[in-house]
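Below is one structure, written out as structure tokens, with a few remarks after it.
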Amino acid sequence: MGLPRSSLLLLALLATVSSAGAAEVMSRSEWGARKPVLAMEKQTPRRITVHHTATRGKHGFSIVKKMTSLQAFSQARSKLADGRTKEAWADIPYHFYIAVDGKIAEGRPIGFVGDTNTKYDPTGHVTIVVEGNFEKETPTAEELAALKDLIRDLSRQYGIPADRIGTHKDFAQTACPGKNLEGEVRRIAAELAANR
Ligand SMILES: [Zn+2]
0 MGLPRSSLLL LALLATVSSA GAAEVMSRSE WGARKPVLAM EKQTPRRITV
50 HHTATRGKHG FSIVKKMTSL QAFSQARSKL ADGRTKEAWA DIPYHFYIAV
100 DGKIAEGRPI GFVGDTNTKY DPTGHVTIVV EGNFEKETPT AEELAALKDL
150 IRDLSRQYGI PADRIGTHKD FAQTACPGKN LEGEVRRIAA ELAANR
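Each residue of the sequence shown is one higher than the last, beginning at 0 in numbering that gives the first Met the number 0.
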């Protein structure tokens, strides 16, 4: 004897919900973050903006190592890849980091404004950086899956609509997040809009 039609429907619904897994984010305490070294401005999350690291993805290194070295770079006066020097920032400039293996870590706490090397006001932006130079490489399948889950979760949690999901390029003169990631972000936003 089969299950009643209503139970089958319920099972089908449950399967749909669980297949869209929530993004798993490694917290600051889990990767051993140090405290911010300067004061930070508070913010309310209003949009999601995607970046790339602009350096080639590094396979075979743990996300803990990546986060601790990114924090050390961020909190010091450091030389940028293009030869300019940046002053010390309070903390990692981005709120989330997605590594080549699809692991996600928390960067700057989401309630504080991020930092940037370009001329735009990042207030209200939840910034996600994806590891790689997507002018030259293509994002890994793991990165894209993680990005999609994270964007969906953030959009739901903070009530951010699809038309406020974008990339660094929308706000500043930059190639960031690279031509091979740009379209993927548009696709994720369009899919979210369609499934609302
Ligand atoms: Zn950027």
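The C-beta atom is built at its ideal place from N, Cα and C for all residues, glycine as well. None of the values given here were measured: they were computed from a predicted structure.
- Are Ala71 and Asp152 closer than 9 angstroms when you measure CB to CB? no
- Query: Val99: which of Pro44, Arg46, Glu141, Pro176 sits nearest, CA to CA?
  - Reply: The residue with the shortest Cα to Cα distance from Val99 is Glu141.
- Task: Confirm the yes/no value for this check: CB of Thr117, any heavy atom of ligand 1, distance under 8 angstroms.
- Result: yes
- Query: What span of residues does the alpha helix (DSSP H) with Ile62 cover, start to end?
  - Reply: 62-73
- Task: Return yes when the Cβ of Thr52 is within less than 9 angstroms of the Cβ of Val128, no when it is not.
- Result: yes
- Message: Given the structure, does Thr84 come close to ligand 1, in the sense that its CB is under 8 angstroms from one of the ligand's heavy atoms?
- Response: no
- Might you give, ordered along the chain, the residues of its own chain that have their beta carbon closer than 8 angstroms to the beta carbon of Lys41, omitting 5 neighbours on each side? Taking Lys41 as the centre and dropping the five residues before and after it, the same chain places the C-beta of Gly110, Phe111, Val112 closer than 8 angstroms to its C-beta, in chain order.
- Query: What first and last residue would you give for the alpha helix (DSSP H) that runs through Gly182?
  - Reply: 178-193
- Item | Own chain partners of Met0 with C-beta closer than 6 angstroms, once the 5 adjacent residues on each side are dropped | The predicted position of Met0 is uncertain, since its pLDDT is 48 and thus under 50; no value can be drawn from it.
- Item | CA nearest to the CA of Arg33, picked from Gln74, Met25, Ser154 | Here the closest residue by C-alpha is Gln74.
- Item | Reduced DSSP secondary structure (H/G/I, E/B, other) of Ser26 | coil
- Message: Judging by CA-CA distance, which residue of Asp120, Lys78, Gly101 is the nearest neighbour of Ala171?
- Response: Asp120
- Query: Tell me, which residues are paired with Tyr96 by DSSP?
  - Reply: Ala104, Val128
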